[in-house]
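For any residue, its number in my numbering is found by taking its place in the sequence shown, counting from 1, and adding 173. Worksheet for the structure shown next.
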Amino acid sequence: MPVHKIAVISDTHGILRPKAMERFRSAELILHGGDIADSKTLDRMKDCARVIAVRGNCDKEWAEELPQEISLELYGKKIYMVHNRKQITSKAEDADLVIYGHSHKYEEKKEDHRLWLNPGSGGPRRFGRPATMAELEIDEGSGSLSVKRIELSEGETAEEVSDCSCPELESGELRGIVEKVVRDLARGRSVDHIVKTRRISRGLTEQICQIYFTHPGIDAQGVMDRIEIAGR
């Protein structure tokens with residue numbers, strides 16, 4: 174009996190790292206736990222494999238057709254998926270595996286006779302926390318289900334996480350940068366768009382993005398209070 178490989182990712186926020194794309198291409202299916210960012214990001218994943226996704230709190234009008242929760246059975250295993258664990262409903266009660274995201278923190282544990290999995294953030298990262306995803310393997314013969322944590326940001330330098338070498342930071346213009354990025358995020362702009370048009374380092378942009386999306390309603394000063402810049 175075959176062993177099936179399934180890619181699990183969440184909170185990409187418009188960022189699809191090369192390592193994630195490689196995993197997608199070798200998977201039979203991609204499960205996305207929400208906060209995709211835009212239809213372009215979803216289409217890029219669909220070019221690699223079939224995608225089943227739920228809608229995250231940052232997926233707006235373009236994602237109206239995506240469900241907030243989904244229950245499915247794959248190769249004999251019942252799987253339930255929702256973006257925010259706090260929004261789990263009774264539909265998860267008979268699941269073998271519950272997948273969720275939102276916190277940007279990898280979590281894998283056995284509880285209530287089922288496996289709970291948060292693949293972490295495949296997109297923005299900060300405070301030294303790596304970008305991650307997970308791979309499921311379901312063995313139809315034995316009925317076993319195994320999970321492998323995949324670090325997507327391995328090999329990336331600290332400067333890519335919190336780059337303080339750009340002229341804007343050296344001249345004390347961090348607040349202006351934060352205000353611009355927060356405005357762009359509020360308008361639904363992706364990290365790629367902001368990096369390109371604002372000429373801001375990806376590491377810094379990702380930090381601001383992660384803070385912004387994990388603290389609903391936060392303003393530029395709130396981001397400033399939480400941001401981590403080397404030497405600041």
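Ideal placement from N, C-alpha and C gives every residue a C-beta, glycine not left out.
**OP:** Give the straight-line distance between the Cα atoms of L309 and I179, rounded to the nearest whole angstrom.
**Re:** Distance between the alpha carbons of L309 and I179 is about 5 Å.
Original post:
Which runs of the beta strand (DSSP E) fall wholly inside the stretch 259–337 and span at least 3 residues, in chain order?
Top reply: You should have 270–272, 280–284, 287–291, 305–312, 318–324.
Subject >> DSSP beta-bridge partners of Y253 >> reply: Residue pairing by DSSP puts Y253 in a beta bridge opposite S244, V271.
**OP:** Report buried or exposed for A226, applying the criterion of at least 16 other Cβ atoms within 10 angstroms of its Cβ.
**Re:** Buried: at least 16 other Cβ atoms inside 10 Å.
Subject >> Terminal residues of the beta strand (DSSP E) in which H177 lies >> reply: Annotation: the continuous beta strand (DSSP E) that includes H177 extends over 176–182.
**OP:** Decide if D267 is buried, meaning its Cβ has at least 16 other Cβ atoms within 10 Å, or exposed.
**Re:** Exposed: under 16 other Cβ atoms inside 10 Å.
Original post:
How big is the Cα-Cα spacing for Y253 and E242?
Top reply: In a straight line, the C-alpha of Y253 is about 7 Å away from that of E242.
Original post:
Counting pairs of beta carbons, one from the stretch 195–207 and one from the stretch 310–318, are three or more of them closer than 8 Å?
Top reply: Between the stretch 195–207 and the stretch 310–318 there are fewer than three inter-stretch CB-CB distances shorter than 8 Å, so the stretches are not counted as touching.
Subject >> Stretch-stretch touch, CB-based, cutoff 8 Å, three pairs: the stretch 270–285 with the stretch 347–357 >> reply: No: fewer than three Cβ pairs fall under 8 Å.
Original post:
Apart from the five residues on each side of it in sequence, which residues of its chain come closer than 7 Å, Cβ to Cβ, to S363?
Top reply: Closer than 7 Å at the Cβ level, and outside the excluded window around S363, lie G187, A210, D211.
Subject >> Pairwise C-alpha distance: S315 and G293 >> reply: Just so you know, the alpha carbons of G293 and S315 end up roughly 28 Å apart.
Original post:
At what residue ranges does the stretch 182–216 contain a whole run of the beta strand (DSSP E), taking only runs of 3 or more?
Top reply: Within the stretch 182–216, the runs of beta strand (DSSP E) that reach at least 3 residues and sit entirely inside it are, in chain order, 202–205.
Original post:
Which stretch, first to last residue, makes up the beta strand (DSSP E) that contains R223?
Top reply: Note, R223: beta strand (DSSP E), 223–226.
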